[in-house]
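Right, one structure below, let's go through it.
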């Protein structure tokens with residue numbers, strides 16, 4: 001099975017940077033995903049890492065270390081609209097994606 | 110536009126009743142999934158299907174049933190055997206590439222409340 005851990009809540013100021021960590025223990029690994037979910041809405045895809053290293057996409061970057069079972073999502077130049085829950089998900093065997101509990105990020109003016 | 114459509118968006122049910130949540134996709138995706146989300150918890154996998162006429166139990170399948178008679182459709186029935194059915198239900202789909210899990214595309218969700 002999968003065990004995925006991420007912090008429950010984080011708070012940051014508009015314009016700042018926040019880093020959301022995710023650690024995982026898996027029986028198989030076929031990539032790590034980050035999703036954003038606003039309250040009451042469906043998750044939307046942010047990033048995908050399958051090889052070690054940093055993937056940058058605009059204000060958002062995601063990092064993966066497979067040997068350490070570790071990933072982080074970096075949000076730069078925070079905006080009020082970035083207030084949401086961020087879900088770390090690991091692709092395992094048999095086409096299944098397992099999710100962490102999510103990190104609620106609150107951006108304050 | 111391509112996407113995933115879930116219905117109904119809100120549903121109220123009396124205890125002891127079965128209800129069926131609809132999920133339709135026109136993305137030509139092979140795999141479809143049902144997740145349940147409770148407040149403060151991550152998404153938990155109920156059932157998934159890689160191909161038509163085949164589906165597998167996820168982590169919390171008890172009290173639920175599914176069918177996959179068409180590639181586009183993957184309805185979920187919440188039976189009276191499900192002890193705590195009040196939750197937000199999300200349907201998703203993905204392409205299948207070898208044994209890799211492709212990016213999941215989600216529907217808008219169905220919020221079920223048992224009265």
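Residue numbers (my numbering), protein chains in the order written: chain G, 1 to 109; chain L, 110 to 224. Ideal Cβ positions, reconstructed from N, Cα and C, are used throughout, including at glycine.
- Item | Cut-off 8 Å between Cβ atoms - residues of its own chain near residue 213(L), not counting five sequence neighbours on either side | If we look at residue 213(L) and ignore the five residues flanking it on each side, its Cβ neighbours are 142, 201, 202, 203.
- Task: Find the nearest neighbour of residue 58(L) within the set 215(L), 199(L), 180(L), judged by alpha-carbon distance.
- Result: The first residue shown for chain L is 110 and the last is 224, placing residue 58(L) beyond what the model contains.
- Message: Give me, in chain order, the residues of the same chain whose beta-carbon lies closer than 6 Å to that of residue 89(G); leave out the 5 immediate sequence neighbours on both sides.
- Response: Exclusion of the five residues before and after residue 89(G) leaves 33, 97, 99 as the residues of its chain whose Cβ lies within less than 6 Å of its Cβ.
- Item | Length of the line joining the Cα atoms of residue 61(G) and residue 72(G) | 8 Å
- Task: In angstroms with no decimal places, state the Cα-to-Cα distance between residue 84(G) and residue 29(G).
- Result: 26 Å
- In terms of residue numbering, what span does the beta strand (DSSP E) encompassing residue 79(G) cover? Unbroken run through residue 79(G): none, as it is neither H nor E.
- Message: Taking 6 Å as the cut-off, is the beta-carbon of residue 56(G) closer than that to any non-hydrogen atom of the ligand ADP?
- Response: The ligand ADP is not among the ligands present in this structure, which contains no ligands whatsoever.
- Task: Using the Cα positions of residue 178(L) and residue 161(L), report the straight-line distance between them to the nearest angstrom.
- Result: Taking the straight line joining both Cα atoms gives about 6 Å.
- Message: In this structure, how does DSSP classify residue 201(L) when only helix, strand and coil are distinguished?
- Response: strand
- 6 Å Cβ shell around residue 152(L) - same chain, five flanking residues per side excluded: 144, 146
- Could you pull out every unbroken beta strand (DSSP E) segment of at least 3 residues lying fully inside the region 8 to 72 of chain G, listed in chain order? 9 to 13, 18 to 25, 32 to 37, 44 to 49, 53 to 57, 60 to 65
- Message: Assuming residue 188(L) and residue 127(L) are in contact, meaning their beta carbons sit under 8 Å apart, how far apart are those beta carbons, in whole angstroms?
- Response: 5 Å
- Query: Considering only residues of the same chain and omitting the five flanking positions on each side of residue 23(G), which have a CB-CB separation below 6 Å?
  - Reply: 5, 69, 70
- Taking residue 113(L) as part of the beta strand (DSSP E), name the residues at either end of that continuous run. Annotation: the continuous beta strand (DSSP E) that includes residue 113(L) extends over 113 to 116.
- Message: Just to confirm my understanding: we take residue 185(L), look at its own chain, exclude 5 residues before and 5 after, and list those with CB closer than 8 Å. What are they?
- Response: 129, 130, 132, 143, 155, 156, 173, 174, 175, 198, 200
- Close-in-space but distant-in-sequence residues of the same chain around residue 118(L) (CB under 8 Å, 5 per side omitted): Setting aside the 5 residues that flank it on each side, residue 118(L) is surrounded in the same chain by 217, 218, 219, 220, each with a C-beta closer than 8 Å to its C-beta; the list follows chain order.
- Item | Partners in chain L for residue 42(G), counting only beta-carbon separations shorter than 8 Å | Correct list: 199, 215, 216, 217, 218.
- Going along the chain, which residues of its own chain have a beta-carbon closer than 8 Å to the beta-carbon of residue 170(L), five neighbours each way excluded? 155, 156
- Short Cβ contact (7 Å threshold) for residue 205(L) with residue 140(L): yes
- Query: Does residue 45(G) have its Cβ less than 7 Å from a Cβ in chain L?
  - Reply: Proximity of residue 45(G) to chain L, defined by a Cβ-Cβ separation below 7 Å, is satisfied.
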